[in-house]
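Read the structure below first, then the notes.
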Amino acid sequence: MASRDTSHLSDITKMKRQEDGSFQRLAASFRNFIEPGGKFAPEKDRYHLYVSYACPWATRTLIVRKLKGLDDIIPVTVVSPRMGNSGWPFADADAFPGAEADPLFKAQHVKDLYLRANEDYEGRFTVPFIWDKKNNTIVNNESSEIIRMFNTAFNDMIPADKAALDFYPAEHRAEIDELNEWIYPEINNGVYRSGFATTQTAYETAVKIVFEGLDKAEKILTGKDYLVGGRLTEADIRLWVTIIRFDPVYVGHFKCNFRTIRDGYPAINAWMKALYWKNPAFKDSTNFEHIKTHYYWSHASINGTRIVPMGPIPDIQPL
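And the structure:
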């Protein structure tokens, strides 16, 4: 294992900001695809998914994995939400309730697997990512691509009713792409740009964009069950993982406090609750203890006391 100092890649307190104090997320580094006939062919139990319940990007992959019935085809391991100087720890390094040990290599931290895949790796040690047991490497660590793979790559190996589920249907792709194009920067990543800003100006610029995005989403969802085409698509999944964290974390921790979802956005709130309470893939992929602990414990530059707030009560309202 490489002995070089990788703390600038694992320690969020060493994360670089722009000169104006704004936060810019780096692109994912492993971008291979699981596809029939390719280097990474679809096979049962060849691939392993690593996630955190705390991470919205990882939760996307958990939801689609569950919706498509891939539980027996792609095993999953959950890390501890307490991301410290060495990054995401496995249960052997931090036995947090619900965290698991690495079953493949008994790694202590996610970074150990990244350096196993590439000892010269210089990106961030992020979740989610897919490990290929055949080639002993990371296939992909970009959640938007992982959910596309889960959507289609294993269709020949799952029951017909699951294979028929398509969360990126051809007839709605243009509209889905258009939604993703503004929902990601304005809402998904917008909350981070607000929370990680280190100047007042950068924060004010970012937080206004977040609520402009939420206002747009509210208009779209008014009188609707889903964002596109009257059916569940990846656009819903990608937005939902941010919205479910909004009141418990982003309002307070990331200072996105113009309005809460429950009191300020009735259509978004109804849509969020319906997916959570009526679709087990969403509820089972959500762990509020991991979510709140991660943000309030791991971001010492924002919350130096590491006190995790008890509210809001409840984390999500009943239907």
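Take any residue in the sequence shown, count from 1 to its spot, add 9: that is its number in the numbering used here.
Backbone N, C-alpha and C define an ideal beta-carbon position, used for all residues, glycine too.
From a predicted model like this one, the values you see are computed outputs, not experimental measurements.
Task: Sheet register partners of Tyr4 (DSSP bridge) - done: The structure shown has nothing for residue 4, since the chain only spans 10 to 328.
TODO: Below 6 Å CB to CB, which residues in the same chain sit around Ser4 once its five sequence neighbours on both sides are set aside?
DONE: Residue 4 falls outside the range modelled here, since the chain spans only 10 to 328, and no answer is possible.
Task: Integer Cβ distance of Glu274 from Glu221, believed to fall under 8 Å - done: Position 265 of the sequence shown, counted from the start, is the residue given in the question as residue 274. Position 212 of the sequence shown, counted from the start, is the residue given in the question as residue 221. It should be noted that the sequence gives Tyr, not Glu, for residue 274. No, Tyr274 and Glu221 are not in contact; Cβ-Cβ is about 13 Å, not under 8 Å.
Open item on the list: Among Pro194, Phe105 and Leu18, whose alpha-carbon lies nearest the alpha-carbon of Val219?
Closed with: Translated into positions along the sequence shown, residue 219 becomes position 210. Checked all of Pro194, Phe105 and Leu18; the closest Cα to Val219 is Pro194.
Open item on the list: Taking 6 Å as the limit between beta carbons, can you name the residues of its chain near Gly132, skipping five residues before and five after?
Closed with: As a working mapping, residue 132 is identified with position 123 in the sequence shown. If we look at Gly132 and ignore the five residues flanking it on each side, its Cβ neighbours are Ser38.
TODO: Within 10 angstroms of the Cβ of Phe163, are there 16 or more other Cβ atoms? Answer buried if so, exposed if not.
DONE: Translated into positions along the sequence shown, residue 163 becomes position 154. Flag for Phe163 reads buried.
Open item on the list: Taking the beta carbon of His17 as the centre, do at least 16 other beta carbons fall within 10 Å, making it buried, or is it exposed?
Closed with: The count along the sequence shown starts at 1 and reaches residue 17 at position 8. That one is exposed.
Task: Enclosing beta strand (DSSP E) for Val216 [first to last residue] - done: Stepping through the sequence shown from its first residue, residue 216 is reached at position 207. Counting along the chain, Val216 falls outside any beta strand (DSSP E), though it belongs to the alpha helix (DSSP H) covering Gln209 to Leu230.
Open item on the list: Taking the beta strand (DSSP E) that Ile3 belongs to, which residues open and close that run?
Closed with: Since the first and last residues shown for the chain are 10 and 328, residue 3 lies out of range.
Open item on the list: Please report the distance separating the alpha-carbon of Ile316 from that of Gly96.
Closed with: Taking the sequence shown and counting its residues from 1, one reaches residue 316 at position 307. Taking the sequence shown and counting its residues from 1, one reaches residue 96 at position 87. Whole-angstrom Cα-Cα distance: 19 Å.
Task: Limits of the beta strand (DSSP E) - the one that Thr70 falls within - done: On the sequence shown, residue 70 is found 61 positions in, with the first residue counted as 1. Premise fails: Thr70 lies in the alpha helix (DSSP H), Pro65 to Leu76, not in any beta strand (DSSP E).
Open item on the list: Which same chain residues end up closer than 8 Å to Lys233 when comparing Cβ atoms and leaving out the 5 residues on each side of it in sequence?
Closed with: Along the sequence shown, read from residue 1 onward, the residue named residue 233 stands at position 224. Hits under 8 Å: Gly239, Ala276 and Trp280.
TODO: Using the Cα positions of Asn266 and Ala290, report the straight-line distance between them to the nearest angstrom.
DONE: Mapped onto the sequence shown, residue 266 falls at position 257. Mapped onto the sequence shown, residue 290 falls at position 281. Going from the Cα of Asn266 to the Cα of Ala290 covers about 29 Å.
TODO: Could you tell me which of Ile322, Phe263, Trp249 and Arg271 sits nearest to Asn288, measuring between CA atoms?
DONE: Residue 288 sits at position 279 when you count from the first residue of the sequence shown. Out of Ile322, Phe263, Trp249 and Arg271, Trp249 has the C-alpha closest to the C-alpha of Asn288.
TODO: Just confirm the distance between the C-beta atoms of Thr242 and Ile185, as a whole number of angstroms; I'd bet it's less than 8 Å.
DONE: Residue 242 sits at position 233 when you count from the first residue of the sequence shown. Residue 185 sits at position 176 when you count from the first residue of the sequence shown. Between Ile185 and Thr242 the Cβ distance is about 6 Å, and since that is below 8 Å, they are a contact.
Open item on the list: Let me confirm a value: Asn160 is counted as buried when at least 16 other C-beta atoms fall within 10 Å, else exposed. Which label applies?
Closed with: Numbered from 1 along the sequence shown, position 151 holds the residue referred to as residue 160. Burial call: buried.
TODO: Find out if the Cβ-Cβ distance for the pair Arg247, Ile192 is shorter than 8 Å.
DONE: Counted from its first residue, the sequence shown places residue 247 at position 238. Counted from its first residue, the sequence shown places residue 192 at position 183. Their beta carbons are under 8 Å apart, which means Arg247 touches Ile192 by this criterion.
Task: Alpha-carbon to alpha-carbon, Val216 and Ile196 - done: Numbered from its first residue, the sequence shown carries residue 196 at position 187. Numbered from its first residue, the sequence shown carries residue 216 at position 207. One C-alpha to the other measures close to 9 Å.
Task: Rounded straight-line distance, which links the Cα of Ala169 to that of Met319 - done: Residue 319 sits at position 310 when you count from the first residue of the sequence shown. Residue 169 sits at position 160 when you count from the first residue of the sequence shown. Distance between the alpha carbons of Met319 and Ala169: 43 Å.
Task: Straight-line Cα distance separating Thr269 from Asp224 - done: Position 215 of the sequence shown, counting from 1, holds the residue named residue 224. Position 260 of the sequence shown, counting from 1, holds the residue named residue 269. Whole-angstrom Cα-Cα distance: 12 Å.
Open item on the list: In whole angstroms, give me the CA-to-CA distance for Ala100 and Lys143.
Closed with: Here residue 100 corresponds to residue number 91 of the sequence shown, with the count starting at 1. Here residue 143 corresponds to residue number 134 of the sequence shown, with the count starting at 1. Approximately 24 Å, taken between the alpha carbons.
Open item on the list: Quick check: Asn296 and Gly78, are their CB atoms within less than 8 Å of each other?
Closed with: Taking the sequence shown and counting its residues from 1, the one referred to as residue 296 is at position 287. Taking the sequence shown and counting its residues from 1, the one referred to as residue 78 is at position 69. No, the Cβ-Cβ distance between Asn296 and Gly78 is not below 8 Å.
TODO: Look up Ile43 in the DSSP assignment and give the residues it is bridged to.
DONE: The sequence position of residue 43 within the sequence shown is 34, counting from 1. Looking at the DSSP assignment, Ile43 forms a beta bridge with Phe49.
Open item on the list: Which complete beta strand (DSSP E) runs does the region 71-128 hold, if anything under 3 residues is left out?
Closed with: 85-87
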